[in-house]
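A short worksheet on the structure shown next.
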Amino acid sequence: MGMSSGHGDKKAVQSEINVTPLIDVLLVLLIIFLVVMPIMMKMETLEIPRKITDNEAPDPNATMLTIKVRATGDITLSENEKETPILAADMLRMLRPKLEAVAARGAERVIFVDFEDAVLWGNVVTTMDSIRSLATDVNHDEVKVALKVKEDPKPQ
Numbered sequence: 752m753g754m755s756s757g758h759g760d761k762k763a764v765q766s767e768i769n770v771t772p773l774i775d776v777l778l779v780l781l782i783i784f785l786v787v788m789p790i791m792m793k794m795e796t797l798e799i800p801r802k803i804t805d806n807e808a809p810d811p812n813a814t815m816l817t818i819k820v821r822a823t824g825d826i827t828l829s830e831n832e833k834e835t836p837i838l839a840a841d842m843l844r845m846l847r848p849k850l851e852a853v854a855a856r857g858a859e860r861v862i863f864v865d866f867e868d869a870v871l872w873g874n875v876v877t878t879m880d881s882i883r884s885l886a887t888d889v890n891h892d893e894v895k896v897a898l899k900v901k902e903d904p905k906p907q
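Numbering (my numbering), first residue to last: 752 to 907.
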């Protein structure tokens with residue numbers, strides 16, 4: 752078919768594939784992808800909460816800050832089960848002194864965010880980003896924002 756058997760006319764056209772340029776092109780593409788992919792990948796740190804053992808009790812003096820956003824747009828600041836309705840424009844102004852008080856005690860600055868299911872995802876991201884903007888470090892890591900997880904009702 753397309754193979755040369757070494758017999759026959761020497762002027763006949765040989766239809767063999769030269770593999771060397773193909774391998775060269777593939778190696779160049781491989782090198783390009785190996786160089787470009789780490790640049791394109793953005794490394795995001797993921798912090799997984801450590802498991803609390805039985806002998807480790809939570810701090811009774813710890814302050815739990817929770818922002819609750821309802822579908823109507825109402826925002827509530829909950830500090831140790833004491834709820835205070837706040838305006839969206841005043842949220843950062845209200846949170847800053849509370850976070851500074853938590854930092855003064857040497858505790859980790861964590862704000863839990865609780866959203867109703869009907870809240871638009873854009874509002875969720877905007878709220879979380881504005882809370883993270885309270886951090887003064889470059890990566891905004893000193894203020895941690897955690898989504899509050901709702902437990903599914905157990906089937907009976």
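C-beta atoms are modelled at their ideal positions from N, C-alpha and C, and glycine is treated no differently.
Using a 10 angstroms sphere on the CB of V894, the tally of other CB atoms reaches 16 or more, which defines it as buried. Exclusion of the five residues before and after E859 leaves no residue of its chain whose Cβ lies closer than 6 Å to its Cβ. Bridge partners of R860 according to DSSP: V894.
The region 861-879 makes contact with the region 812-823; the number of CB pairs closer than 8 Å reaches 3 or more. For the set A839, L773, S881, V864, the Cα lying nearest the Cα of K901 is the one of V864.
It is roughly 23 Å from the alpha-carbon of M879 to the alpha-carbon of G857. Classified as buried, L850 has 16 or more neighbouring CB atoms from the shown chains inside 10 Å of its CB. Assigned with DSSP and collapsed to three states, L828 falls in strand.
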